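Peer 1:
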Amino acid sequence: MNETLVNMSDADRAEHLRKLIAGEYPDKRGRYGPFGGSYAPETLVTALKRLEQGIHEFLADDELQAELRRELKDWVGRPTALTHARGLSKRWGADVWLKREDLAHTGAHKINNALGQAFLAKKLGAKRVVAETGAGQHGVATAAACARVGIPCTVYMGAVDIERQAPNVDRMYQLGAKVVPVTSGDATLRAAIDEAFRNWVADPAETFYLLGSAVGPHPYPWLVQVLQSVIGTEARAQIIEAVGGLPDIAVACVGGGSNAIGLFHPMLADSGVEMLGIEAGGRGPDLGDNSATLAAGKPGVLHGTYSMLLYDADGQIQETHSVSAGLDYPGVGPEHALLKTIGRVTYQSITDDVALDALRECCAFEGILPAIESSHALAGAREWAKENPGKRILIGLSGRGDKDMPTLSKHMSFRDAAE
Ligand SMILES: *Cc1c(COP(=O)(O)O)cnc(C)c1O
48 MNETLVNMSD ADRAEHLRKL IAGEYPDKRG RYGPFGGSYA PETLVTALKR
98 LEQGIHEFLA DDELQAELRR ELKDWVGRPT ALTHARGLSK RWGADVWLKR
148 EDLAHTGAHK INNALGQAFL AKKLGAKRVV AETGAGQHGV ATAAACARVG
198 IPCTVYMGAV DIERQAPNVD RMYQLGAKVV PVTSGDATLR AAIDEAFRNW
248 VADPAETFYL LGSAVGPHPY PWLVQVLQSV IGTEARAQII EAVGGLPDIA
298 VACVGGGSNA IGLFHPMLAD SGVEMLGIEA GGRGPDLGDN SATLAAGKPG
348 VLHGTYSMLL YDADGQIQET HSVSAGLDYP GVGPEHALLK TIGRVTYQSI
398 TDDVALDALR ECCAFEGILP AIESSHALAG AREWAKENPG KRILIGLSGR
448 GDKDMPTLSK HMSFRDAAE
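Residue numbering for the sequence shown follows this note's numbering, beginning at 48 and increasing consecutively.
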């Protein structure tokens with residue numbers, strides 16, 4: 048990390064946190080302290096400004112807000128449940144609560160963001176939506192949201208990912224999306240994002256770019272945080288209602304960081320609530336073997352934002368690895384980079400094997416099949432519980448594991464699972 052970040056004083060850290068809580072971040076330049084901003088080609092500046100204006104109008108308009116709330120309730124199925132994890136509580140010697148984004152329509156938190164942005168696209172008069180997808184989860188959520196809102200949608204997806212994620216490609220087609228294979232670059236998520244950006248640059252007036260995580264140029268990280276904060280706002284009220292108090296810690300997995308920021312942001316002011324973000328530790332700590340961006344990365348610019356990144360000694364963006372496709376991204380949202388720098392959130396990584404073990408435990412003792420991404424949060428919470436006995440733990444269960452069955456079948460034999 049560079050000098051200014053390492054040498055940040057306690058007073059500076061406190062001031063950054065105050066600004067985050069007060070809504071003074073992102074600032075006018077889209078910055079979260081030293082992070083964030085907007086590194087976009089000139090042609091997109093107008094489109095980004097228009098989007099920012101649209102967000103302000105949407106936030107100030109009670110009727111639009113009510114309309115979106117209605118859709119979140121009747122179509123997405125919100126509020127999602129807060130479940131007392133009795134089996135895990137007993138095993139871990141803790142009081143464990145699960146915020147069930149796996150119960151949301153299309154199976155994960157991604158729909159909160161996709162629906163909100165599709166809704167904005169329509170209000171801004173866009174003629175079509177473009178989106179990128181890696182594992183296909185954001186593509187499916189976007190295809191569903193665009194069908195619901197009534198706007199055509201094109202999803203860019205790496206050719207390699209299309210091979211790996213065939214069922215999700217079929218789901219997108221069924222939901223009416225056009226899926227365009229991207230063969231340039233690494234032919235995975237990073238190339239798909241580049242291609243979606245290029246397509247947007249070509250026609251910024253009529254096209255809306257529906258970005259899938261709390262990354263990218265301002266105002267995207269902010270927009271995604273606002274739309275995903277429904278998770279933390281609900282969970283905070285639900286746990287107070289259930290037990291009359293707040294959790295000792297909130298834990299979520301971090302890919303680009305959207306489900307985590309959605310859980311954390313509404314509780315940043317609750318100083319008694321510790322926060323823990325869990326990244327993908329993959330096969331181990333070597334560069335290229337994981338996607339632990341905050342644990343192992345350095346500051347730099349990727350996809351229009353200044354944040355933490357994984358790159359090698361030559362400055363080349365690093366290929367990443369994780370058993371969970373949804374955590375497999377070399378960057379992370381700028382708000383997380385600041386939250387780490389000021390010490391409000393702690394970030395750790397969990398390896399593939401440990402995450403899969405936590406998945407199995409959740410299946411066996413809760414009757415819930417979590418996504419492999421979410422299982423990283425479960426495993427991180429379990430480790431924290433060992434060090435901190437008897438505490439109340441709120442875990443963001445970002446999605447369900449049905450989509451992961453091909454991976455799970457490969458990693459666990461039937462006999463393993465039955466043991
Ligand atoms: C996409 C995905 C993630 C990772 O994305 P974030 O933006 O970090 O939330 C986590 N869990 C599930 C189930 C996902 O589909």
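No residue lacks a Cβ here, since even glycine has one placed at the ideal position from N, Cα and C.
Note that the coordinates shown come from a computational prediction; the quantities given were computed from them, not determined experimentally.
Measuring only from the beta carbon, is SER260 closer than 7 Å to any heavy atom that is part of ligand 1?
Peer 2: For ligand 1, at least one heavy atom lies less than 7 Å from the Cβ of SER260.
Peer 1: Would you decide whether HIS103 is buried or exposed? Buried here means 16 or more other CB atoms lie within 10 Å of its CB.
Peer 2: Label assigned to HIS103: exposed.
Peer 1: Just to check, is the beta-carbon of LYS29 closer than 7 Å to a non-hydrogen atom of ligand 1?
Peer 2: Outside the displayed span of the chain (48 to 466) sits residue 29, for which this structure offers no information.
Peer 1: With burial defined as no fewer than 16 other Cβ atoms inside 10 Å of the residue's Cβ, what is the status of GLY291: buried or exposed?
Peer 2: Result: exposed.
Peer 1: Note down, one range per segment and in chain order, each beta strand (DSSP E) of at least 3 residues found wholly within the region 308–379.
Peer 2: You should have 321–329, 345–349 and 352–356.
Peer 1: Helix, strand or coil, according to DSSP, for GLN100 in the structure here?
Peer 2: Here GLN100 sits in helix by DSSP.
Peer 1: Exposed or buried, which one is ASN306 when buried takes at least 16 other CB atoms within 10 Å?
Peer 2: Under this definition ASN306 is a buried residue.
Peer 1: Any idea what DSSP makes of GLN395, helix, strand or coil?
Peer 2: Correct three-state label for GLN395: strand.
Peer 1: Would you list the residues sitting across from TYR203 in a DSSP beta bridge?
Peer 2: The partner list for TYR203 (beta bridge, DSSP) reads GLU179 and VAL227.
Peer 1: Please go through the same chain and pick out, in chain order, the residues whose beta-carbon is closer than 8 Å to the beta-carbon of GLU50, but skip the five residues on each side of it.
Peer 2: With a pLDDT of 47 at GLU50, under the threshold of 50, the modelled position of this residue cannot be trusted; read the value that follows with caution. Answer for GLU50: no residue qualifies.
Peer 1: Which runs of the alpha helix (DSSP H), 4 residues or longer, sit entirely within the region 239–287?
Peer 2: The qualifying runs are 267–275.
Peer 1: Is GLY351 a contact residue of ligand 1, with contact defined as CB to any heavy atom under 7 Å?
Peer 2: Result no, Cβ not under 7 Å from ligand 1.
Peer 1: Quickly, what does DSSP pair ARG447 with across the bridge? List them, please.
Peer 2: For ARG447, which the question treats as bridged, DSSP gives the partners PRO417.
Peer 1: With 16 as the cutoff for other CB atoms within 10 Å, does LEU106 come out buried or exposed?
Peer 2: LEU106 comes out exposed.
Peer 1: Below 8 Å between beta carbons: does that hold for GLY303 and GLY378?
Peer 2: Yes, they are a contact pair.
Peer 1: Buried or exposed: which applies to ASN54, given that a residue is buried once 16 or more other Cβ atoms fall within 10 Å of its Cβ?
Peer 2: Result: exposed.
Peer 1: With three or more beta-carbon pairs closer than 8 Å as the criterion, would you say the region 226–233 touches the region 201–209?
Peer 2: The region 226–233, when compared against the region 201–209, does touch it at the 8 Å Cβ threshold.
Peer 1: Please confirm whether TRP144 and ARG429 have their CB atoms less than 8 Å apart.
Peer 2: Not closer than 8 Å, so no.
Peer 1: How would you call GLN272, buried or exposed, if buried means at least 16 neighbouring beta carbons within 10 angstroms?
Peer 2: Label assigned to GLN272: buried.
Peer 1: Please determine if the region 361–377 and the region 411–428 are in contact, where contact requires at least 3 C-beta pairs separated by less than 8 Å.
Peer 2: Verdict: yes, contact present.
Peer 1: So is the beta-carbon of GLY183 under 7 Å away from any non-hydrogen atom of ligand 1?
Peer 2: Not so, every heavy atom of ligand 1 lies at least 7 Å from the Cβ.
Peer 1: Could you give the DSSP three-state label for ARG78: helix, strand or coil?
Peer 2: If DSSP states are grouped into helix, strand and coil, ARG78 belongs with the strands.
Peer 1: Going straight from the alpha carbon of ALA249 to that of ALA94, what length do you get?
Peer 2: If you take the alpha carbons of ALA249 and ALA94, they lie about 11 Å apart.
Peer 1: Starting from the Cα of ARG78, find the closest Cα among PHE412, ALA168 and SER354 and give me that residue.
Peer 2: It is SER354.
Peer 1: Could you tell me whether the Cβ atoms of GLY471 and HIS350 are closer together than 8 Å?
Peer 2: The structure shown has nothing for residue 471, since the chain only spans 48 to 466.
Peer 1: Pairs of beta-carbons, one from the region 402–418 and one from the region 383–393, closer than 8 Å: are there three or more?
Peer 2: With the cut-off at 8 Å, the region 402–418 and the region 383–393 do not touch.
Peer 1: With a threshold of 16 other CB atoms inside 10 Å of the CB of ILE240, please say whether the residue is buried or exposed.
Peer 2: Its Cβ being crowded by 16 or more others within 10 Å, ILE240 is buried.
Peer 1: ASP121: buried (16+ other C-beta within 10 angstroms of its C-beta) or exposed?
Peer 2: The residue in question, ASP121, is exposed, as its Cβ has fewer than 16 Cβ neighbours within 10 Å.
Peer 1: For the beta strand (DSSP E) holding TRP122, just list the boundary residues, first then last.
Peer 2: Unbroken run through TRP122: none, as it is neither H nor E.
Peer 1: Measure the C-alpha to C-alpha separation of ARG175 and GLU89 and round it to an integer number of angstroms.
Peer 2: Computed Cα separation, rounded: 21 Å.
Peer 1: With a threshold of 8 Å, are at least 3 pairs of Cβ atoms found where one atom belongs to the region 317–331 and the other to the region 357–365?
Peer 2: Counting Cβ pairs under 8 Å, fewer than three are found: no touch.
Peer 1: Quick one, are the C-beta atoms of ASP142 and ILE440 less than 8 Å apart?
Peer 2: Yes; because the gap between Cβ atoms is below 8 Å, this pair is in contact.
Peer 1: Look at the alpha carbon of ALA194 and the alpha carbon of ALA151, and state the distance between them as a whole number of angstroms.
Peer 2: Their backbone Cα atoms lie some 17 Å apart in a straight line.
Peer 1: Determine the direct distance from the alpha carbon of LYS96 to that of ALA405, and round the result to whole angstroms.
Peer 2: Taking the straight line from one Cα to the other gives about 43 Å.
Peer 1: So, for VAL401: in the same chain, excluding its five sequence neighbours on each side, which residues have a beta-carbon less than 6 Å away from its beta-carbon?
Peer 2: Taken in chain order, the residues that qualify are ALA426.
Peer 1: From VAL229 to ARG237, what distance separates their C-alpha atoms?
Peer 2: Going from the Cα of VAL229 to the Cα of ARG237 covers about 10 Å.
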